[in-house]
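Below: one structure, written as C-alpha cells.
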Amino acid sequence: MATSSRFAFFLFCLSLLYSTALSDLVISRVDRRVDLTSHVVRILSSLKVENGGNEIASEVLLAFPNMQAKNLAAIKTFYSEGKGKEKGSSVSLPTTLVEPKGMPQELTFYSVSLPKGLGKGGAITLDVLSVFTHSLQPFPEEITQADVQLVLYQDSAYYLSPYKVKMQTLGIRLPGGRVESYTKHPNSKLVDSEIRYGPFEKLPAFSYSPIVLHFENNNPFAVAHELLREIEISHWGNVQVTEHYTLVHGGALTKGGFSRLDYQARPAIRGVSSFNHLIFRLPPRAHSIYYRDEIGNISTSHLWGDSRKTQLEIEPRFPIFGGWQTSFTVGYGLPLQDFLFKLDGKYMLNITFGSPMDEVVIDNLIVKIVLPEGSKGIIAAVPFPTKQAEEIKYSHLDIVGRPVLVLEKNNVVPEDNIYFQVYYQFSKISLLREPMMLISGFFLLFVACIVYIHTDMSISKSSASYIAKIQSEEVQATVQQVLNIINQCLAVHDKLEASLRDLSRTGDVQSCKTLRRTADAQLKELVKELKPLTTFLHHSPQASHILPKVEELIAKEKDLQDKMMLKHSTVVDCFEKKYSGKDIENRIAPQQQKLTVLRQEMDDLHEFLDEI
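For the sequence shown, our numbering gives the first residue as 875, with consecutive numbering after it.
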C-alpha cells in the first residue's frame, strides 16, 4: 500500500507536469470491467476517444504502471464500424509496445494504430482487452488443507491515461464467496459479487487512486511452469500432438499435514482450495488420445466428442493443493486434411499455438513443429512475438533427419491459443527415401500384377453384377430424393419457428395463422411426393439394408410435423389470450424438449443416410 501511495503521488505531480502535453485527444467516457473470477485477470476497457485539436490523430496511447505491465500477458484492441443495428463486426487494431518521448520511465505505453486518421471533432470507440497473470497475491501466503484461499488485488479506481477523462466507471466482478475488505470510495458499493466505483468526472491526465481488494477465490490456480508441445506432421494423413506439462498450484502454499481420509470424506471443506480435475478442449475429430505420467498410463479420464468439439477431462493421481506440483503427458492425433493446406506450391500448416487446457497460465511455452524429412524453405507466421530457432530430429529410418521449427514464448494465457501458420516446401518424392516405402511399393506392384492377370476385366450389360450396380445407383438416387424432400420439410418447420419469433415482436396473430395454414398445405404436398419413392424402395431388393432407416426418418418427420403444429397453435392461442411470456414458455417447454430430441434424432439419421 505504501508503494501504491507513493506511485499515486508521483502520478499526481505528473498530471500537473503533462497537463497540456497530449491535450488534443480527450477520452469522453471510459467503462472498465475487471474480471477476477479466475486466477487470470481480464480487464475490458471501452474508450470513447475524441479529438479536440486541429491535427489529425493516427494513434491512441495506452498507459500501464510498470508494476502492472510486467504481468501483462496479452493486449488486444477492437474497433467496430457503424452504430446500433448497423454496427459491423469487430476489427482488431494493431497494438504495439512503444516508448514515447518525454514520458516517464515508471509507465509502460502501448500504441493503438487507428484504422483512419481522427480529425478535429471526430470520435472513435475502442474496446481494449488486457490480460494479466500472477496479479492475484495469496494473503495469507500459507493456509491449511481446510482453509479457504484469500487473495489480494491492487489497481486504480481511476483509469490511468495520458489524456483527460471526462467520465468513467469501474466494475470489478468477483468469483463469489467472502469479501474480507475493499478500498472504500465516496461513490463505491458492493452489489452481489461485483464492486462498483464511479462515475468519476473531469479527471486530469495520469490520474491514479489506488484500491486494494481482499476476497475469497478458490478457483484452480493452474500454472504450467513449462509446457513442451511437439506437433509432428506426417504426409501420410496424421498430425500427432504431444504435450508435456509441469503443472503447479500457484495459489497459497499448503502448510501442515494432508489427510486423504478427511479429503475423501468432505472434499468441499477439507480441500476447497485444491483442484482434482483438468479440462482440455481439443480440436474436433481428435483421435488416439492418451494421458500418462512418469509411472505410466492414467485411466482416470473422460472423453466426450462430436463433429464440432472434443473434450477431455483428466484427473491427476492426487489432488493439487497450493505449491504442489505434478508432471504428465497428453497426446492425440488429428486428421491432416483439417490442418495442412497447399498454397502456391507451398504447404501451410494452420494450427493453434497455446494449450487446450482451460484457464491455465504457462510461464514458459515451447512449441516444436516437426516437419517431414526433406522439408525446406520453412517460414513461421505467428500473430505475436516469439523466439524462433531450428533443430534436427532423427526418427525411424531417417537419413538426414527431420527439420524442427522451435517457437518459444513466456507468460502465455488462454487468449494466446490462436492459430498460427508454418509454410514449407516438400516434395512427395522425398517419401521414397524411406526404405519401407520402396519395399511396400514393390510388394503392392507384384500383388496388383497377379490380381490383374487372374481377373476377367470384361463387363457385360446383361451380367448380374452390372444389373446389381444399376439397381444400386437407382436406390441411391431415390434415397437422395427422399433426403431432399425431408430437407424441404425441415425448412418449412424453420419458417414456423421464425413466425413465432415474429409474433412475439409484432403481435400479428393473423399473419401467423395464415403462415401455419400455408405450411400445413406445403407439408401435405411433400408427404404425397414421398409415397412413390418409398413404394419404389419397398420393391427394390437393393434397398433392403437401408429401407428401415428411411422409414424411420419419414416417421420421425411426421411426428416432428405434428408436434411443431401443436406448439405453433399453443403459442398462438396463448398469445391471443394475452398470457405472459413466462406462462407461454412453461406451456410449451415439454413440447420444445420433444422437438429438440426429435430434431437431433433426425439429424443423426440424415447423416447416416448421407454416408451410405
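Cβ atoms here follow ideal geometry from the backbone N, Cα and C, with glycine treated the same way.
Cβ-heavy atom distance, residue i to the ligand PLP, below 6 angstroms
i	result
Val1286	Among the components modelled here there is no ligand, and therefore nothing to report on the ligand PLP.
Contact check, residue i vs residue j, beta carbons under 7 angstroms
i	j	result
Leu921	Leu1010	no
Ile1243	Tyr1298	no
Pro1190	Thr1200	yes
Leu1186	Phe1154	yes
Phe983	Val965	no
Thr1043	Asp905	yes
Val1002	Ala947	no
Arg945	His1008	Rather than Arg, the amino acid found at residue 945 in this sequence is Asn. In contact: Asn945 and His1008 (Cβ atoms closer than 7 angstroms).
Val1383	Glu1450	yes
Leu910	Ala931	no
Ser1175	Ile1188	yes
Ile1359	Glu1403	yes
Gly1205	Thr1116	yes
Lys925	Leu967	Checking the displayed sequence, the identity of residue 925 turns out to be Asn instead of Lys. The answer is no: Cβ separation not under 7 angstroms.
Lys1405	Glu1475	no
Leu1400	Cys1363	yes
Residue i versus the options, residue with shortest Cα-Cα distance
i	options	result
Tyr1453	Ser1378, Lys1398, Ala1429, His1413	Ser1378
Ser1301	Pro1190, Lys1250, Asp1436, Leu1048	Lys1250
Leu1026	Tyr1032, Ser1004, Val1005, Glu1054	Glu1054
Ile949	Val986, Glu933, Pro939	Val986
Val1097	Glu1106, Pro1158, Phe1195, Thr1057	Phe1195
His1367	Ala1395, Thr1352, Glu933, His1270	Ala1395
Thr951	Ile930, Pro989, Ala931	Pro989
Val1296	Leu1357, Pro939, Lys1063, Lys1220	Lys1220
Thr1018	Ala1126, Ser1385, Ser1175	Ala1126
Gln1114	Thr1120, Leu1121, Glu980, Ile1105	Ile1105
Met941	Leu935, Gln1384, Leu981, Phe1132	Leu981
Pro978	Phe938, Tyr953, Ser963, Ser954	Phe938
Ser902	Thr970, Pro968, Ser1035	Ser1035
His1123	Ile1085, Phe1095, Asp1066, Ile1458	Phe1095
Trp1198	Leu1121, Pro1246, Ser954, Asn1224	Leu1121
Glu1481	Gly1381, Leu1374, Asn1361	Asn1361
Close Cβ partners of residue i (< 7 angstroms) along its chain, the five nearest in sequence each way excluded
i	result
Lys1387	Val1446
Ile1462	Lys1441, Thr1444, Val1445
Leu891	Since pLDDT at Leu891 reaches only 46, below the 50 mark, its modelled position is unreliable, and no value is offered.
Ala1020	Ile1143, Arg1144
Val1353	Ile1420, Val1424, Leu1483
Lys1267	Val1244, Gly1275, Arg1276, Val1278
Glu1016	Ala1126, Leu1127, Lys1129
Thr1260	Leu1281, Glu1282, Lys1283
Glu1075	Lys1040, Met1041
Ala1263	Val1280
Same chain, Cβ closer than 6 angstroms to residue i, neighbours up to 5 away in sequence not counted
i	result
Leu1427	Leu1479
Val1256	Phe1294
Ser912	Asn1093, Glu1233
Val908	Ile917, Ile1046
Gly1111	Leu1210
Pro1230	Phe1154, Arg1155, Leu1156
Gly1130	Thr1018
Ala895	Only weak support exists for where Ala895 lies, its pLDDT of 42 falling under 50; the value from the coordinates is given anyway. Cβ within range, chain order: n/a, list empty.
Lys1456	none
Ile1240	Leu1102, Glu1282
Phe883	At Phe883, the pLDDT of 49 sits below 50, so the modelled position is not reliable; the number obtained from the coordinates is stated separately. Once the five neighbours on either side are set aside, Phe883 has no close Cβ partner at all.
Tyr1119	Ala1098, Leu1101, Phe1202
Phe886	Interpretation of Phe886 is limited by its pLDDT of 49, a score under 50 that renders its predicted location unreliable; no figure is taken from the coordinates.
Ser1067	Leu1048, Gly1050
Pro1012	Val1025, Gly1125, Ala1126
Cβ-based neighbour list, residue i, same chain, cut-off 8 angstroms, excluding 5 preceding and 5 following
i	result
Asn1092	Val1022, Gln1023, Pro1049, Gly1051, Val1146, Ser1147
Val1349	Leu1411, Ser1414, Gln1416, Ala1417, Ile1420
Asn1171	Tyr1164, Tyr1165
Gln1465	Lys1437, Leu1440, Lys1441, Thr1444
Pro1193	Tyr1137, Pro1141, Gly1145, Ser1148, Phe1149, Asn1150
Met1222	Leu1214, Phe1215, Lys1216, Gln1295, Val1296, Tyr1297
Inter-residue CB distance, residue i and residue j (contact presumed, cutoff 8 angstroms)
i	j	result
Asn928	Lys994	5 angstroms
Asn1291	Phe1227	6 angstroms
Gly1207	His1161	5 angstroms
Val914	Val1235	6 angstroms
Lys1437	Leu1472	7 angstroms
Ala997	Tyr1037	Wrong, their Cβ atoms sit about 13 angstroms apart, outside the cutoff.
His1109	Leu1305	7 angstroms
Arg1134	Pro1158	Contact flag wrong, Cβ pair sits at about 38 angstroms.
Ala1393	Leu1357	About 20 angstroms separates the two Cβ atoms, so there is no contact after all.
Gln1355	Leu1407	6 angstroms
Any C-beta of chain E under 7 angstroms from that of residue i
i	result
Tyr1071	Within the model displayed, chain E is absent; a lone protein chain is all it includes.
Closer than 8 angstroms is the cut-off here; do at least three beta carbon pairs connect the segment 1063 to 1083 with the segment 1030 to 1050? yes
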